[in-house]
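Engineer: Just so we're aligned: the sequence shown equals residues 248 to 399 in this note's numbering. Glycine included, each C-beta is placed from N, C-alpha and C at the ideal position. Quantities reported herein were computed from a predicted structural model and do not represent experimental measurements. Right, I'll just put the structure down here and ask away after.
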Amino acid sequence: MRRYEFFQFVPANINLVWDFFASPANLSKITPPEMGFLITSPVPPVMYPGMFITYKISPVLGIKLNWVTEITQVSHHKFFIDEQRRGPYNLWHHEHHFREVAGGVQMHDILYYQLPFGLIGSITDQLFVKNKVNKIFEFREKRIDDLFPASR
Numbered sequence: 248m249r250r251y252e253f254f255q256f257v258p259a260n261i262n263l264v265w266d267f268f269a270s271p272a273n274l275s276k277i278t279p280p281e282m283g284f285l286i287t288s289p290v291p292p293v294m295y296p297g298m299f300i301t302y303k304i305s306p307v308l309g310i311k312l313n314w315v316t317e318i319t320q321v322s323h324h325k326f327f328i329d330e331q332r333r334g335p336y337n338l339w340h341h342e343h344h345f346r347e348v349a350g351g352v353q354m355h356d357i358l359y360y361q362l363p364f365g366l367i368g369s370i371t372d373q374l375f376v377k378n379k380v381n382k383i384f385e386f387r388e389k390r391i392d393d394l395f396p397a398s399r
């Protein structure tokens, strides 16, 4: 199983940051366009524990995959967790943590994932997937910087 941690400071009020991330519709705004990300289920304006979200994504070569995630835990202004219920991974567990700090919010993501197919999955992860995950988070970091610019 692979474990990643990502940190990002957002120079904004916790209410603004939380409201943005608590809205499932905003996920497309921070996902690279080449992923072909499309929410296919109705989503309420704010997530809640037990909520399922279905997507179509094209992570490799434009091949469309169905993905179902469940929001398993939510603690207002503190964290939420999404877990894959159906999709390309054997395991996907993504924790999104938010901490109010001087001048803004410190975001801390913890991601655990595991590919199927044993050794073949491990090789695929080493050659392609871990780099793709890093690029997704690099894109997200830039988009969040654009969406929440520092006060001038």
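How about Pro292 and Ser322: are their beta carbons less than 7 Å apart?
Structural biologist: Here residue 292 refers to the residue found at position 45 when the sequence shown is read from its first residue. Here residue 322 refers to the residue found at position 75 when the sequence shown is read from its first residue. Contact flag unset, no.
Engineer: Report yes if the C-beta distance between Tyr295 and Trp314 is below 7 Å; otherwise report no.
Structural biologist: One-based indexing of the sequence shown puts residue 295 at position 48. One-based indexing of the sequence shown puts residue 314 at position 67. No. Outside cutoff.
Engineer: With distance defined between alpha-carbon atoms, name the residue in Phe345, Asp393, Tyr336 and Lys325 nearest to Tyr359.
Structural biologist: On the sequence shown, residue 359 is found 112 positions in, with the first residue counted as 1. If we check each option's Cα against that of Tyr359, Tyr336 comes out closest.
Engineer: Could you give the DSSP three-state label for Thr222: helix, strand or coil?
Structural biologist: There is no way to answer for residue 222, as the model of the chain reaches only from 248 to 399.
Engineer: Which class does Phe284 belong to by DSSP, given the choice of helix, strand or coil?
Structural biologist: Along the sequence shown, one-based indexing puts residue 284 at 37. Reduced to three states, the DSSP call for Phe284 is coil.
Engineer: Taking the Cβ atom as the reference point for each residue, do Ile300 and Ser288 lie within a distance shorter than 7 Å?
Structural biologist: Taking the first residue of the sequence shown as position 1, residue 300 is located at position 53. Taking the first residue of the sequence shown as position 1, residue 288 is located at position 41. Going by C-beta atoms, Ile300 is nearer than 7 Å to Ser288.
Engineer: Quick check on the burial criterion: 16 or more other C-beta atoms within 10 angstroms. Buried or exposed for Pro306?
Structural biologist: Within the sequence shown, numbered from 1, the residue matching residue 306 stands at position 59. Classification of Pro306: buried, given that the 10 Å Cβ count is 16 or more.
Engineer: Would Phe445 and His344 be called neighbours here (beta carbons separated by less than 7 Å)?
Structural biologist: This structure gives no information on residue 445, because the portion of the chain shown stretches from 248 to 399.
Engineer: Where Phe254 and Phe364 are concerned, what is the direct C-alpha to C-alpha distance, given to the nearest angstrom?
Structural biologist: Here residue 254 refers to the residue found at position 7 of the sequence shown. Here residue 364 refers to the residue found at position 117 of the sequence shown. Their Cα atoms are separated by approximately 30 Å.
Engineer: Our contact map puts Ile328 next to Met298 with C-beta atoms below 8 Å; I'd like the distance itself, whole angstroms only.
Structural biologist: Locating residue 328 in the sequence shown gives position 81, where the first residue counts as 1. Locating residue 298 in the sequence shown gives position 51, where the first residue counts as 1. Between Met298 and Ile328 the Cβ distance is about 12 Å, and since that is not below 8 Å, they are no contact.
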